[in-house]
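Student: Have a look at the structure that comes next, please.
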Amino acid sequence: MFLQRITRTQTSKEVLNSFKKSLLPVNNDGVQTGRSRFRTPWAQRIRSLVTITSVEKISDEGVKIRFDNHAQEHKFSNIWLRDHCRCSECYFKETTQRRSETHSIPLDLKMTDVRVDNDQVKFSFSDGHVTSFDADWLFENQYGKKLYEAFTFESEKRKFWDKGQENDMVPDISFGEVISNKEALYELLKNIAIYGHAFVSDTPSDVHKGVAEIGKAIGLLRATPYGTVWSIRGEEQLEGADYKDSSYWDISLPGHTDGTYNIDAPGLQFFNIPSHVGLGGESLLVDAIHCAHILRQKNKEAFEFLSTTSIPSLYYDGDNIFKGYGPVIKLYPGTDTIYQVRINDLDRDTLSCLEYEDVKMFYRSIHLFTEILRHESNEVWFKLRHDQTMITDNWRVLHGRKQFTGVRYLQGGYLNREDYLSKLNVLHMKYRKK
């Protein structure tokens, strides 16, 4: 018989049982073995122990659960609970993959019984299946969140900046630490997630020992027409490079993002200038997502246009043709959270995709946005040291440079966004502090 409401208090024995359960063996990443590798490390679970104080049926389709550390009641539907069963028949814990198919669950599924026992809640359903959940799993995975958890850390922790914070730019982390110390690498990736950029000091001048090693510490460097790691010497820029691109010349480059012509633009970009005999060449950073927020406040119509209208971009070098097509400002689906700015006027293709009525709005909107991006209050200029490698979030921060003279040696590379986020998430599980 289904109980309309179940209430309970936690006894000292139950606390001890919960503590013992949390003391499962852990692997080198501090993650419990015998459970999903996405579980929180046991030491953190002790600090955030969750218990269930009540379960109440709200209809034939679901229940309300109250957790002792949270005043709000959380709703769970029958089919969602059944669909997320973590028993061995429904889920591969070793691979975190599902075994059951969603369409096999009856849409009119009923709950026939519910029991709370030793910080677990057990549900019985009309299809004969019994599903058990830890209280902490239900609390951590309560649905209704605006953003999928994969994006939560980065989106919630971001700190936006302008020229006024240039003296507070993130500190360097040494090359040796980044390569040999996972916690230092975590700090580096956190800086990128929070501020959109980071710096590595004491970088070896050999591109294959410097930039390449930093990239490999994070993930897989991205293959491009320029190579996996690329280097540009001043002689090539002055005499003509093999690759015909404006970045190979000595001209000034306004703030822009790279790869607007790619279906999936590079996530991170690495810059190192081991030598420059000449003048100029100062580097530019602009927090473009911060500027997009300003645009939304100043002119919602322009923001709406640039976040909903796709604009074409093109790369052509004789051997490769890349065509990208998407909004200048991108939002996470179903939210107002900005996750990417893609803007590079030099690589924009012919605007034949716009309707006549939209052309005027495009030029008006892009003028307004560019005025914000290039306002002196939002531009941070500085000289990159020879031993420094600058890493930018190419989905958030614009980079550029001033015109230069003489012989300038630039080297760098790209890394896909999902590889960077993967490493960040893995290290966040291991080193985060609550």
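Here the working numbering = 1-based position in the sequence shown + 27.
Glycine residues also receive a C-beta, built at the ideal position from the N, C-alpha and C atoms.
Quick one: measure Cβ to Cβ for His224 and Val424, integer angstroms, because I've assumed they're closer than 8 angstroms.
Tutor: 5 angstroms
Student: Is the beta carbon of Val77 closer than 9 angstroms to that of Phe166?
Tutor: yes
Student: I'd like to know whether the C-beta atoms of Val407 and Leu311 end up nearer to each other than 9 angstroms.
Tutor: yes
Student: In three-state terms, what does DSSP make of Ile370?
Tutor: coil
Student: What do you reckon, are the CB atoms on Thr416 and Phe103 nearer than 9 angstroms?
Tutor: no
Student: Considering Trp408, what are the terminal residues of the beta strand (DSSP E) in which it resides?
Tutor: Residues Val407 to Phe409.
Student: Thinking just about the alpha-carbon of each residue, which of Ile316, Phe396, Asp314 and Gly351 is nearest to the one in Phe332?
Tutor: Phe396
Student: What's the C-alpha gap between Gly61 and Thr364?
Tutor: Low per-residue confidence applies at Gly61: pLDDT is 39, beneath 50, and the placement is therefore not dependable, though the value from the model is reported in the following sentence. Going by the C-alpha atoms only, they are around 36 angstroms apart.
Student: Using the rule of at least 16 other Cβ atoms within 10 Å of the residue's Cβ for burial, across every protein chain shown, is Gly155 buried or exposed?
Tutor: exposed
Student: Buried or exposed: Gly171, going by 16 or more other Cβ atoms within 10 Å of its Cβ?
Tutor: exposed
Student: Rounded to a whole number of angstroms, what is the C-alpha to C-alpha distance between Asp420 and Gln367?
Tutor: 10 angstroms
Student: Where do the N-terminal and C-terminal ends of the beta strand (DSSP E) with Phe94 fall, by residue?
Tutor: Gly89 to Phe94
Student: Is Tyr299 helix, strand or coil by DSSP?
Tutor: Correcting the residue type first, residue 299 is Asn in the shown sequence and not Tyr. Asn299: strand per DSSP, three-state reduction.
Student: Nearest CA to the CA of Gly191: which residue from Ala329, Gly307 and Ser404?
Tutor: Ser404
Student: Using the rule of at least 16 other Cβ atoms within 10 Å of the residue's Cβ for burial, across every protein chain shown, is Pro293 buried or exposed?
Tutor: buried
Student: Between the beta-carbon of Arg369 and the beta-carbon of Leu341, is there less than 9 angstroms?
Tutor: no
Student: State the start and end residues of the unbroken alpha helix (DSSP H) segment that holds Tyr352.
Tutor: It is not in any alpha helix (DSSP H) - Tyr352 instead sits in the beta strand (DSSP E) that spans Ile348 to Gly353.
Student: So for Phe160, helix, strand or coil by DSSP?
Tutor: In the structure shown, Phe160 falls within a strand segment according to DSSP collapsed to helix, strand and coil.
Student: Just mark Glu116 as buried or exposed, buried being the case when its beta carbon has 16 or more other beta carbons within 10 Å.
Tutor: By the neighbour-count criterion, in which a residue is buried when 16 or more other Cβ atoms sit within 10 angstroms of its Cβ, Glu116 is exposed.
Student: Less than 8 angstroms between C-beta atoms, sequence neighbours within five positions excluded: which residues of the same chain meet that for Glu445?
Tutor: Gly294
Student: Should Tyr447 be labelled buried (16 or more other beta-carbon atoms within 10 Å of its own) or exposed?
Tutor: Tyr447 is buried by the Cβ-count criterion.
Student: For Thr67, which three-state DSSP category applies?
Tutor: Unreliable positioning characterises Thr67 in this predicted model, as indicated by a pLDDT of 38, which lies under 50. The coordinate reading is nonetheless provided below. Three-state DSSP puts Thr67 in coil, outside helix and strand.
Student: Return the chain-ordered ranges of every alpha helix (DSSP H) run that is complete within the region 375-422 and spans a minimum of 4 residues.
Tutor: Qualifying alpha helix (DSSP H) stretches, in chain order: 383-400.
Student: Just to confirm my understanding: we take Leu454, look at its own chain, exclude 5 residues before and 5 after, and list those with CB closer than 7 angstroms. What are they?
Tutor: Once the five neighbours on either side are set aside, the close Cβ partners of Leu454 are Lys209, Leu212, Tyr213 and Leu216.
Student: In this structure, does DSSP put Glu128 in helix, strand or coil?
Tutor: coil
Student: On the CB-based measure, 16 or more other CB atoms within 10 Å of its CB, does Gly361 come out buried or exposed?
Tutor: exposed
Student: Report the rounded CA-to-CA distance for Gly439 versus Asp414, giving the unit in angstroms.
Tutor: 13 angstroms
Student: Taking the alpha carbon of Thr287 as the reference point, which residue from Lys429, Gly308, Lys120 and Tyr343 has its own alpha carbon closest?
Tutor: Tyr343
Student: Note down the Cα distance separating Trp188 from His426, rounded to an integer number of angstroms.
Tutor: 14 angstroms
Student: Would you report the Cα separation of Val256 and Ser228, rounded to the nearest angstrom?
Tutor: 18 angstroms
Student: Here's the rule I'm using: 16 or more other beta-carbon atoms within 10 Å means buried, otherwise exposed. How should Glu240 be labelled?
Tutor: buried
Student: First and last residue of the beta strand (DSSP E) that includes Ile85?
Tutor: Note, Ile85: beta strand (DSSP E), Ile79 to Ser86.
Student: Just to confirm my understanding: we take Lys450, look at its own chain, exclude 5 residues before and 5 after, and list those with CB closer than 7 angstroms. What are they?
Tutor: Leu216, Ile245 and Gly246
Student: Within the same chain, show all residues whose beta-carbon is closer than 6 angstroms to that of Val82, passing over the 5 residues directly before and after it, in chain order.
Tutor: Ile33, Val90, Ile92 and Val141
Student: Could you tell me which uninterrupted beta strand (DSSP E) segments, each at least 3 residues in length, are contained entirely in the region 214-251, listed from first to last along the chain?
Tutor: Counting whole runs of 3 or more residues, the region 214-251 contains the beta strand (DSSP E) stretches 224-228.
Student: Which term fits Asn347, buried or exposed, when burial requires 16 or more other beta carbons within 10 angstroms of its beta carbon?
Tutor: The residue is exposed, with fewer than 16 neighbouring Cβ atoms inside 10 Å.
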